[in-house]
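Residue numbers (numbering that gives the first Met the number 0), protein chains in the order written: chain A, 0 to 470; chain B, 0 to 470; chain C, 0 to 470.
We put the CB at the ideal spot given by N, CA and C, even for glycine.
Fair warning: this is a prediction, and the values are worked out from it, not measured in the lab.
Down below is the structure, laid out as structure tokens.
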Amino acid sequence: MSKPLVLNEDRLFPSDPTMRAIARRLYGEVKDLPIISPHGHTNPQWFADDTPFPDPANLLIVPDHYIFRMLYSHGVTLERLGIARKDGGAVETDPRKVWRTFADKFYLFRGTPTRIWTDHVLAEVFGVKVQLTPETADEIYDHIEDCLSKPEFRPRALFERFGIEVMATTESPLDDLRHHKKILESGWDRRVVTAFRPDPVVDPDFEGFADNVAQLGEITGEDSASWSGYLNALAARRAYFKQHGCTSTDHGHPSAASADLATGDCETLLSKALAGTCTPDEAERFRAQMLTEMARMSLDDGLVMQIHPGSFRNHNAHLFENFGRDMGADIPTCTEYVHALKPLLDRFGNEADLTIILFMLDETAQGREMAPLAGHYPALRLGPPWWFFDSAEGMLRFRRNVTETAGFYNTVGFNDDTRAFLSIPSRHDVARRIDCAYLAELVADHRLEEDEAREVAVDLTYNLVKAAYKL
Amino acid sequence: MSKPLVLNEDRLFPSDPTMRAIARRLYGEVKDLPIISPHGHTNPQWFADDTPFPDPANLLIVPDHYIFRMLYSHGVTLERLGIARKDGGAVETDPRKVWRTFADKFYLFRGTPTRIWTDHVLAEVFGVKVQLTPETADEIYDHIEDCLSKPEFRPRALFERFGIEVMATTESPLDDLRHHKKILESGWDRRVVTAFRPDPVVDPDFEGFADNVAQLGEITGEDSASWSGYLNALAARRAYFKQHGCTSTDHGHPSAASADLATGDCETLLSKALAGTCTPDEAERFRAQMLTEMARMSLDDGLVMQIHPGSFRNHNAHLFENFGRDMGADIPTCTEYVHALKPLLDRFGNEADLTIILFMLDETAQGREMAPLAGHYPALRLGPPWWFFDSAEGMLRFRRNVTETAGFYNTVGFNDDTRAFLSIPSRHDVARRIDCAYLAELVADHRLEEDEAREVAVDLTYNLVKAAYKL
Amino acid sequence: MSKPLVLNEDRLFPSDPTMRAIARRLYGEVKDLPIISPHGHTNPQWFADDTPFPDPANLLIVPDHYIFRMLYSHGVTLERLGIARKDGGAVETDPRKVWRTFADKFYLFRGTPTRIWTDHVLAEVFGVKVQLTPETADEIYDHIEDCLSKPEFRPRALFERFGIEVMATTESPLDDLRHHKKILESGWDRRVVTAFRPDPVVDPDFEGFADNVAQLGEITGEDSASWSGYLNALAARRAYFKQHGCTSTDHGHPSAASADLATGDCETLLSKALAGTCTPDEAERFRAQMLTEMARMSLDDGLVMQIHPGSFRNHNAHLFENFGRDMGADIPTCTEYVHALKPLLDRFGNEADLTIILFMLDETAQGREMAPLAGHYPALRLGPPWWFFDSAEGMLRFRRNVTETAGFYNTVGFNDDTRAFLSIPSRHDVARRIDCAYLAELVADHRLEEDEAREVAVDLTYNLVKAAYKL
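Written out as structure tokens, the structure reads:
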């Protein structure tokens, strides 16, 4: 017998009745505010072409590494989930079977954000009335498939229904931004902007780095094999992105290392990087120098800079070889900020006109390094908890770790940072609920008055993010 | 005037009435389940011979490093506690005096797990009715001494009364397992199994390493001075242990480093290790290689592998010199897993038939490294919080740090990991209560439904541990 | 319209009614106990001369780096806050304008301890009835200015009104302690003692190190350029401090590194340090050696040793150049204790007559390293959470992280560690409230009985600190 799927209206609020009542009141002030999504990885083509989404499995499971990493940990092969192999080898092609596999293992997600997001997508986006179990899998699959064929489930219709005011995607400097152009020219009244993500052309360890840099030169008409031409080319692409609505850059380095090297050293490192002869240490120094160069350009062109350090990418050699990047095998590492960022901060940390948003995959740095740094340097702000920590407990820990040192106003609201478009309302809802839960604690123990908490709740949900990202 | 000793039936449950009621209901489902104790350090001879336990001090204090480390920190010498000196020098021999010293300082344990365990042992195991204070010390001593003389307080009777279904001890590969044999042959209907702990023969820094390896060769008839003979000897002992009921191995390395070296390098390292000429770095590489070798053998013979890294053993040079190992001076250290385990995981991480259980003494790795690794690699599971973190707060932090990324089903239930046999029911009771308290939070804020939480509670208490350890 | 400023009597207590009631009862036992302030940085001249404090801005804002670091992070220059430039350049000289800037940005402190302390100072010390906002800034400024002109707001009157029994300041070995002498000779019945802070003469990286050491030699008549003369000079100054009421030393090193070098190496390092030719590693080794020397001297003269490691001082090169030290740009760093302290502990860790109080700016070390070390070594105790962690959440985390391993009795009560004299009652009040809140948790979930919690609360507030600091 199937169990009803109901999203309790008090979910994620503290159990204590005093705090719960406060949280509920605060949430009432923010739950219907528009969604600002300043950083994410959805596909702009969806909104450019506005064609229907594919089947439930290819929409909800195949692109979601949160889901398939958990299934994989319990012995479900990526082939069974329909993930394409690099060698074109056989994988499951029946989306219904992929969906059933997910339903069979859905109990694994108990206590995880994926459970919360999935329930929300099913109940709110699709109006599913029963819980997902092996028994209800087919019925729900049919229901979603049916929805997806309707006009009100097309990308733009959902975007509007979700109350999204503006959403950023992320593109390589080599991208021609054709989808963003098409959206702009279509006269649609919603904003889908891009963010400048230069990893493919600033990280010597990125697959195809030398080719990417050569292509960068071709696109811009600069000699990208020379240090000055390379910098010019990057500045040109930043300007191009900015013309197409971009307000921010994003940097996904293995560490937060920055550098401030002499020009001669930069030239030498670039040559080695293009020749593929960098040692690991030299590649790290090149990336470090590029963080500082990007900060310098941000001071010039006003793009807000985001630093996402600390992921050991593609840790699973076997999966990387057979399936490529982003297969759920990126693992956080211990990340140092205080020494790492000093070269960059020595040059630009005191610039009140520059905004650098720091993210972390190492929660220990929140209170120890990040809040003290952001609570001092005018150029620094703290991004919301990222990736594995974009969760109820993770968000609460973040507020508890940073607020006492950095306050609320050195943070920048929420990022959903997702490829899973349908989960965006749920992710923002979780963030709003947890911020209200945290504020309710402060009100309940008289660290803050409720009228102030109301103001802070609105700022965290809407004002801070718009201001920080210049949206 | 003595105060009554009463174990409140709601102890360790959240104070909020809604959560407390849920926790109480969940606990009701698991409190009487049999105890599965898959990892510990009790003495198998107790159950082989079933002779009465000694006096209260030698039963409860002298072997318990949690107790004497705290007393030592407040200036009580180990001699006063009756701990034997290596030089045979004078120590307290009157167990009643040792007991009185403990009672005098019992206030030091306020807020610690030792307080919880001790109260439970006194109240539940011995039926003591008054709190332990300097004034009641003698009365309680007499009462326990009296109990210990009775048949119902012999090791096997207690084992049965505690509801233990199966318990693992830990032995060196050099152990002949005579006690386990005797238990098996005795026809007793309870299981006491061994675990294979090869540190004395795989860690070049272990006291007597070369002699131990030589002895390993003698026992197995292999040339343990050659790399292939050494590996054969280890495989042979694993087989011998398995014949005697062993289902798991255990590895207590200073770090989680693994390696995948060429055979020639292994041969060289073994020779140096046997000659006592390893540098610290070479000793570390040898241990690292042995983790990978042990994983390979586990894939062959099916023994579940436990890795317990990160303890700086015998930190107090003075105590080590005068009293030897395990004197309460083992201190946790910062422990890295992501780079450390990569060589091992590159070879065996994708094996769904292999189970490697990771433990930690560095809580920062829980959410940052361990949950992401275990939430991805099929071969990995997470052991419960260990040693200093086997406590109410430690267990709660563990669940809060790992569940959102790894879920419940990449964890393996509770380990008591103790030498203190009489504390086993209390330790399992604490774990059950805290798991129920955590689940009650999830239910109260509507992250999980209560029927699911009931299922999870039973899985955490009983099913997951039996499955993970193949018991 | 201004809002009333009211300090709720239940502030910082848990919201759950059961826990709140317990916390309230426990707090009732300790709220009126005298303040023992064993470590801080107030100016002894205040109490020697007992002249009125200056205007509100120069009393409450200019010396408080917690305040100006936050304002600076939001683009308020230090010049606007009236902080003196090293080059004598123009800064704001109107204290009322500085105060208005603070009031304009006071919302930035929502959720921070500065908010709690400021509200307490305004309401309790000055009897301000309205909340600080841009609109009420002038009115409050006038009120405080008026207060400061009255005799009951002079330093000694406030000291007495605050219920301070004894307070420590911190002085360099080069200080002649004239203010302390004057206080002693004045016949005042309160105690203001000094603490011996030798950083300027034991840290080769301290500004003016060689000159400082030369001056040390002059003061003591020792040849401070020789190792033995240098040590003699330090011992002589310690004796001088002790004669003037000092009971403790304090060491603010970048790391917790200790060393136990041969005399020849010490001589060489001192020579290099005086010549200014130390490498960074040599400077670190010199400081490390000096920690061990200071411990040795503490064993001789009985001064309690405090180690405050882990701050990256003067991280902002621009501010350091223009404004000097202590400009809110000191940032915590990852701090290791287990290996770092071993040389010192190998020599003196087992001395029950020695007290070394460890502090931390890296909360990860609390449970992993510090509690296990202090819960074992007789010479070690744990100082309260320091600096950025001297806050409601920080104090709660501290108790939760260390109590289960080290208990309460290896901690030493509260330190306010402040330059902001008027905030001292508030800081102690926060500490008392949070200790009671934590104890209320233990009582509510039956880990501790309420009569014991009462005893612990009094010990944490009064007895432990007096005993640990020999006050």
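Could you name the residues of the same chain whose beta carbon sits closer than 8 Å to that of residue i, not counting the 5 residues immediately before and after it, in chain order?
| i | result |
| --- | --- |
| A436(B) | L11, F12, P13, M18, A22, L395 |
| P62(B) | R418, A419 |
| I330(C) | S310, F311, H314 |
| G406(A) | G374 |
| P3(C) | K128, V129, Q130 |
For residue i and residue j, what's the separation of their Cα atoms in angstroms?
| i | j | result |
| --- | --- | --- |
| P33(B) | R399(B) | 26 Å |
| D175(C) | P383(C) | 29 Å |
| L70(A) | R79(A) | 10 Å |
| H338(C) | A256(C) | 8 Å |
| V29(B) | R431(B) | 7 Å |
| T41(B) | V129(B) | 28 Å |
| D15(B) | A452(B) | 18 Å |
| E217(A) | E266(A) | 19 Å |
| V212(C) | R346(B) | 58 Å |
| I423(C) | D415(C) | 6 Å |
| D485(A) | L441(B) | Missing from the structure shown is residue 485(A); chain A here goes from 0 to 470 and no further. |
| S390(A) | I115(A) | 9 Å |
| I163(C) | T404(A) | 27 Å |
| L447(B) | P53(A) | 30 Å |
| L372(A) | E362(B) | 24 Å |
| I82(A) | G323(C) | 58 Å |
Among residues of its own chain, excluding the 5 on either side of residue i, which ones have a beta-carbon nearer than 6 Å to its beta-carbon?
| i | result |
| --- | --- |
| R236(B) | P172 |
| L463(C) | V411, G412 |
| E170(B) | T193 |
Just to confirm, are residue i and residue j a CB contact at a threshold of 8 Å?
| i | j | result |
| --- | --- | --- |
| T332(C) | G309(C) | yes |
| A167(C) | S36(C) | yes |
| L302(A) | Q288(A) | no |
| S148(A) | P55(A) | no |
| T402(C) | G220(B) | no |
| I356(A) | A466(A) | no |
| G348(A) | A370(A) | no |
| R471(A) | N321(A) | What the structure shows of chain A is the stretch from 0 to 470, and residue 471(A) is not part of that stretch, so it cannot be assessed. |
Residue i touches chain D at which residues, Cβ-Cβ below 7 Å?
| i | result |
| --- | --- |
| R399(A) | No chain D appears in the structure shown, which is made up of the protein chains A, B and C. |
Per DSSP, which residues does residue i bridge with? Please list them.
| i | result |
| --- | --- |
| M166(C) | S36(C), V191(C) |
| T460(C) | T460(C) is not bridged to any residue. |
| T248(A) | F195(A), M304(A) |
| R398(A) | Looking at the DSSP assignment, R398(A) forms no beta bridge with any residue, so it has no partner. |
| P342(A) | According to DSSP, which records beta bridges pairwise, P342(A) is partnered with nothing at all. |
| R380(C) | I356(C) |
| S498(B) | There is no way to answer for residue 498(B), as the model of chain B reaches only from 0 to 470. |
Looking only at its chain, what residues have a beta carbon closer than 7 Å to the beta carbon of residue i, apart from the 5 residues adjacent to it on each side?
| i | result |
| --- | --- |
| K241(A) | D300, L302 |
| A258(C) | R284, A287, Q288, T291, P342 |
### Task
Give the residues from the stretch 433 to 447 of chain C that approach chain B closer than 7 Å (Cβ to any Cβ), ordered along the chain.
Listed by position along the chain: L441, A443, D444, H445, R446, L447.
### Task
Note down, in chain order, all residues in the stretch 317 to 343 of chain B with a beta-carbon under 7 Å from any beta-carbon belonging to chain C.
H317, G327, A328, I330, P331, T332, C333
#### Entry: the stretch 372 to 383 of chain B: positions lying closer than 7 Å to chain A by Cβ
Legend: CB atoms of the stretch 372 to 383 of chain B lying less than 7 Å from CB atoms of chain A belong to residues L372, A373, G374, H375, Y376, P377.
### Task
With 7 Å as the limit, tell me which residues of the stretch 6 to 29 of chain B have their beta carbon closer than that to any beta carbon of chain A; keep them in chain order.
Across the stretch 6 to 29 of chain B, CB contacts with chain A closer than 7 Å involve D15, T17, M18, in sequence order along the chain.
### Message
Output needed in chain order: residues of the stretch 395 to 425 of chain A with a Cβ under 7 Å from some Cβ in chain B.
### Response
Under the 7 Å Cβ criterion, the stretch 395 to 425 of chain A contributes no residue.
### Query
Quick one, which residues of the stretch 358 to 370 of chain B are near chain A if we go by CB-CB under 8 Å, in chain order?
T363, G366, R367, E368, A370
### Task
Can you give me, in chain order, the residues of the stretch 112 to 125 of chain B that have a beta carbon less than 7 Å from any beta carbon in chain C?
P112, I115
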